[in-house]
Amino acid sequence: MTGEVTLPAGFEALAPFVDTWNLGSFAERYQQRRKVGVAGMRSFYDAVVPILPEMQALVRSEEFRGSAVATVFENLILSLAHVALAIERLGDEEVSHALASRAMAIKQVNSSKVRRT
Numbered sequence: 299m300t301g302e303v304t305l306p307a308g309f310e311a312l313a314p315f316v317d318t319w320n321l322g323s324f325a326e327r328y329q330q331r332r333k334v335g336v337a338g339m340r341s342f343y344d345a346v347v348p349i350l351p352e353m354q355a356l357v358r359s360e361e362f363r364g365s366a367v368a369t370v371f372e373n374l375i376l377s378l379a380h381v382a383l384a385i386e387r388l389g390d391e392e393v394s395h396a397l398a399s400r401a402m403a404i405k406q407v408n409s410s411k412v413r414r415t
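FYI, in our numbering the residues of the sequence shown are 299 to 415.
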């Protein structure tokens, strides 16, 4: 994905993570979190957190709103939300929680078929 989108100046540290974490769905981010392990998540977390406010400002700016760069940043920020849980809360327990999570299936449900009471 880095070949398709040129990151703005000041965001070069994100380049190694775009192909891995520029994911458009919850299910993809969830699977990637399991795939890369704690060390991979820590590297991504350490790269994004220091520049998160600047990423958010860019996404909201008139210049970049709706652009490919903004979409990549939005996806990276959403991926950070997945990773932050593991890094900030679960820590060393991430591995034990990962074992139980493999038994959970994430499915998208057509809301028109959901019976409401």
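Even glycine gets a Cβ: it sits at the ideal position worked out from N, Cα and C. Because the structure is a prediction, the values reported are computed rather than measured.
Quick one, which of the options has its alpha-carbon nearest residue i's?
{"i": "Met-339", "options": "Phe-315, Val-381, Ala-368 and Gln-329", "result": "Val-381"}
{"i": "Glu-386", "options": "Met-353, Thr-304, Val-347 and Pro-351", "result": "Val-347"}
{"i": "Gly-308", "options": "Pro-351, Leu-378, Asp-317 and Ser-323", "result": "Pro-351"}
{"i": "Asp-278", "options": "Phe-371, Ala-379 and Leu-388", "result": "This structure gives no information on residue 278, because the portion of the chain shown stretches from 299 to 415."}
{"i": "Ala-311", "options": "Ala-368, Gly-335 and Asp-344", "result": "Asp-344"}
{"i": "Glu-314", "options": "Pro-306, Ala-366, Phe-342 and Ala-379", "result": "First, the amino acid is wrong: residue 314 is Pro here, not Glu. Comparing Cα positions, the closest option is Phe-342."}
What are the start and end residues of the alpha helix (DSSP H) that includes residue i?
{"i": "Ser-341", "result": "324–346"}
{"i": "Arg-358", "result": "350–358"}
{"i": "Ala-366", "result": "366–382"}
{"i": "Val-314", "result": "According to the sequence displayed, residue 314 carries Pro and not Val. Pro-314 -> alpha helix (DSSP H) spans 313–319."}
Taking residue i and residue j to be in contact with their CB atoms under 8 angstroms, please state how far apart those CB atoms are, rounded to whole angstroms.
{"i": "Ala-384", "j": "Arg-331", "result": "7 angstroms"}
{"i": "Trp-319", "j": "Leu-374", "result": "5 angstroms"}
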